[in-house]
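Per the working numbering, the sequence shown starts with residue 2, numbered consecutively. Inspection log for the structure reproduced underneath, given as structure tokens.
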Amino acid sequence: MSRNLENKKLIVNEVKEKLQKANSLLLVDYKGINVAEVTELRRRFREEGVEYKVYKNTLFKRAAQELGIEKLDEFLEGTVGYVFGYDDVVAPARVINQFLKENPKAPLAVKAGYIEEKLMDAQAVKALGDLPSREVLIAMLLGALQGSLRNLAYVLNTIKEKKEAEA
2 MSRNLENKKL IVNEVKEKLQ KANSLLLVDY KGINVAEVTE LRRRFREEGV EYKVYKNTLF
62 KRAAQELGIE KLDEFLEGTV GYVFGYDDVV APARVINQFL KENPKAPLAV KAGYIEEKLM
122 DAQAVKALGD LPSREVLIAM LLGALQGSLR NLAYVLNTIK EKKEAEA
């Protein structure tokens, strides 16, 4: 077997492992982005536990097909960067949205998202990225529950005091 073919098989296996491990995947068009912007974007991804890779589209397509993922084929043309999210499903979209807000002239565009085995268009990915982080959502829920419980306790205490006063 030629060395080139062996390298391609290794890359296909690497992509398959990442696809199996990832909760979310974004396909981004990075054509025209400069080195400083890519470096900054990669740093932000690392901080959020997200991985950004560039593969040949044909090798990525082969790996995806071997896993039965054929929904992405139409987006595998031109310059495609692959953003793998492992822990927080929303993190890749949130990082890209924040980056684009701070760098509106950056020529970075989301082509599609594949999140928990569902294909999402660029608008849906943007909307997902506008959601707060999981920790913030949990804190908001706990705050709402705590306020409701406090109000319930107040009402019950008022009823108890009223009945004690009547007795």
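Virtual Cβ for every residue (Gly too), placed ideally from N, Cα, C. No experiment lies behind these values; they were computed from the predicted model shown.
- Its Cα nearest to that of residue 81, the residue 32 stands out among 145, 32 and 160.
- Rounded to the nearest angstrom, the gap between the Cα atoms of residue 105 and residue 160 is 57 Å.
- With a cutoff of 8 Å on beta-carbon distance, residue 50 and residue 88 are scored as near each other.
- In the DSSP assignment, residue 34 falls outside any alpha helix (DSSP H) and carries neither an H nor an E.
- Annotation for residue 16: the continuous alpha helix (DSSP H) segment containing it runs 4 to 22.
- Using a Cβ distance threshold of 8 Å, residue 96 and residue 25 do not count as a contacting pair.
- With a beta-carbon spacing of about 6 Å, residue 112 and residue 29 fall inside the 8 Å limit used to define contacts.
- Residue 93 is classed as buried because its beta carbon has at least 16 other beta carbons within 10 Å across all chains shown.
- With contacts defined by Cβ atoms closer than 8 Å, residue 77 and residue 13 do not form a contacting pair.
- Under the three-state reduction of DSSP output, residue 155 falls in the helix class.
- Per DSSP, residue 61 lies in no beta strand (DSSP E); the unbroken alpha helix (DSSP H) holding it starts and ends at 58 to 67.
- Boundaries cannot be given for residue 106, as no beta strand (DSSP E) includes it and DSSP labels it neither H nor E.
- Excluding the 5 residues flanking it on each side, residue 46 has same chain C-beta neighbours closer than 8 Å at 52, 53, 84, 93 and 96, in chain order.
- When C-alpha distances from residue 98 are compared across 116, 119, 124 and 117, the shortest belongs to 124.
- Excluding sequence positions up to five before and after residue 74, its CB lies within less than 7 Å of the CB of 62, all in the same chain and listed in chain order.
- With respect to the 8 Å criterion, residue 20 and residue 70 are classified as neighbours on the basis of their beta carbons.
- According to DSSP, residue 26 shares a beta bridge with 85 and 115.
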